[in-house]
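With the numbering used here applied, the sequence shown corresponds to residues 43 to 366, in that order.
Remarks on the structure that follows.
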Amino acid sequence: MKADFSRYQSLKNWRSEQMFTHQSSTDEFNYFHELVMNKVVSLTIDDMVKEHGPLPGDFSWFVMGSIGRYEQAVNSDQDHGLVFENNDEYTNEYFLTFGKRLCVNLQFVGYPYCIGNVMSSNPLWCQSIESWERQLDQWLLEESWESIRYLLIFYDARVVVGEASPIQKLKQRLHQFLHQKPHLLNRFFDNTSYMKKGIGVFGQFLTESNGPYKDCLELKHTAFFPYVNSIRLLAIKENLEQTSTLSRIHALSKLPAYNRQLEPYADHFDKLLSYRLQYADGYHLNVKKLNKIEKLGLKQIILGGRDLQRYAETTVKRVLKNEI
């Protein structure tokens, strides 16, 4: 039966029916969700044009977080924003209304709201290119914990609908500022340096002791973040445009400064994505589902994340000492 993408309810039903048939690979899973989100955006645009008139100008809708990095989980929430050309009051109100409706429609189809409100319904993440430039400058100059966090979130931005050039332009602005103020790399590291222990002193998995995820390993902070945050930091340092962790690793490995020493981490992260897709409930993995070889592999992945984080920290410190 041919899928009906003309209504939100039918799109929601199709997503629910098809989601678990697209989990054979990470790439297929991400493509599936991007298809659904594209359809939601298209339907929302149709609604806006019917009720509020034509779009007042070009815009780009970008995603961030795990979706922006092509690392979508089964229960990933919304992380997205809007950038548009004109900076007049009507255009701002139009696209903010569009952003609010888009969030509601994405939630209806099956994508939870972002707890941190990093969504197009928030004026902070729905701005003209001119306002976005001022916003980035403000975050860079403030250097507060929250501002640094927002900059790291923004760096994972990837355009899904519209031209990619506005986001590319804004990221170049970020890189130019960092070139003049390299100490911010250390602030970026400090903002993301926390890593939850996943392995005990005797080599055992440190799983949840109670609650709905009893006996499960919390993957997000024990395994994923050490890779995601460390590689993002190195990518920022090297002015890379790639957004996925794997593509960033491959790009970094081609640079003489890294001498391909990062390539083993690509294998670790690729396996981690597969484990999460096959065995995990979101970011919680019941280690009892793994065989002996898989358990050993997961421990190597977690330990590798620790090593990678130390490597990223050392690299940043060398930058501050003007050694590289």
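For glycine and all other residues, C-beta sits at the position ideal for the given N, C-alpha and C.
In three-state terms, what does DSSP make of glutamate 260?
-> strand
Assign glycine 107 to one of three DSSP states: helix, strand, or coil.
-> Glycine 107 falls in the helix class under three-state DSSP.
Note down the Cα distance separating isoleucine 335 from glutamate 113, rounded to an integer number of angstroms.
-> 24 Å
Would you call phenylalanine 104 buried or exposed, if buried means 16 or more other Cβ atoms sit within 10 Å of its Cβ?
-> Per the 10 Å Cβ criterion, buried.
DSSP-derived helix/strand/coil call for methionine 43 | Because the pLDDT at methionine 43 is just 47, under 50, the model does not fix this residue reliably, and the value given afterwards should be weighed accordingly. Methionine 43: coil per DSSP, three-state reduction.
Using the beta-carbon count (16 or more within 10 Å), is methionine 43 buried or exposed?
-> At methionine 43, the pLDDT of 47 sits below 50, so the modelled position is not reliable and the matter cannot be decided from this model.
Examine the Cβ distances between the region 122-142 and the region 229-246 and report whether three or more of them are shorter than 8 Å.
-> no
If we call anything under 9 Å between Cβ atoms a contact, is aspartate 323 one with tyrosine 255?
-> yes
Consult DSSP for glutamate 172 and reduce its assignment to one of helix, strand or coil.
-> helix
Neighbourhood of valine 329 by C-beta distance below 8 Å, restricted to the same chain and skipping five residues each side | Within its own chain, the residues whose Cβ lies closer than 8 Å to the Cβ of valine 329, once the five positions on either side in sequence are excluded, are Phe247, Thr249, Asp257, Cys258, Leu259, Lys337 and Leu340, listed in chain order.
Cross-strand partners of leucine 124 (DSSP beta bridge) | Trp103 and Cys168
When DSSP labels each residue in this structure, what does asparagine 252 get in the three-state scheme?
-> coil
Look at the alpha carbon of valine 160 and the alpha carbon of phenylalanine 140, and state the distance between them as a whole number of angstroms.
-> The straight-line gap separating the alpha-carbon atoms of valine 160 and phenylalanine 140 is approximately 15 Å.
Is DSSP giving valine 203 helix, strand or coil here?
-> strand
With DSSP collapsed to three states, give me the class of asparagine 23.
-> Shown here, the chain extends from 43 to 366; a query on residue 23 therefore has no answer.
Do you know whose CA, among Gln222, Ser48, Asp309 and Arg290, lies nearest glycine 346's CA?
-> Asp309
Of the choices Arg111, Val151, Ile171 and Gly107, whose alpha-carbon is the least far from that of threonine 133?
-> Ile171
CB leucine 350 to CB serine 272, shorter than 9 Å?
-> yes
Going by C-alpha distance, which of Phe150, Glu135 and Glu70 is nearest glutamine 83?
-> Per the sequence shown, the amino acid found at residue 83 is valine instead of glutamine. For valine 83, the nearest C-alpha among the options comes from Phe150.
Which residues in the same chain have their Cβ closer than 8 Å to the Cβ of glutamine 342, if we skip the five residues on either side of it in sequence?
-> His310
Rounded to whole angstroms, how far is the Cβ of valine 78 from the Cβ of arginine 57, which I believe are closer than 8 Å?
-> 5 Å
Give a yes or no on whether the C-beta atoms belonging to isoleucine 209 and valine 201 are separated by under 9 Å.
-> Result yes, Cβ atoms of isoleucine 209 and valine 201 sit closer than 9 Å.
Output yes or no for whether 9 Å exceeds the beta carbon distance between leucine 220 and lysine 279.
-> yes
Nearest CA to the CA of arginine 360: which residue from Leu276, Ala293 and Asp312?
-> That would be Leu276, whose Cα lies nearest to the Cα of arginine 360.
Using DSSP bridges, identify the partner residues of isoleucine 241.
-> BP columns for isoleucine 241 point to Phe247.
Which residues does DSSP pair with histidine 221 in a beta bridge?
-> Partner(s): none; histidine 221 has no beta bridge.
Given a cut-off of 9 Å, decide if aspartate 312 and leucine 288 are closer than it, judged by their beta-carbon atoms.
-> yes
Cβ neighbour criterion (16 or more within 10 Å) applied to lysine 92 | exposed
Span separating the alpha-carbon of glycine 245 from that of serine 108 = 29 Å
Applying the criterion that 16 or more other CB atoms from any shown protein chain within 10 Å of the CB defines a buried residue, is valine 243 buried or exposed?
-> exposed
Once you ignore the five residues that flank tyrosine 325 on each side, which residues in its own chain have a CB closer than 6 Å to its CB?
-> Leu261 and Lys262
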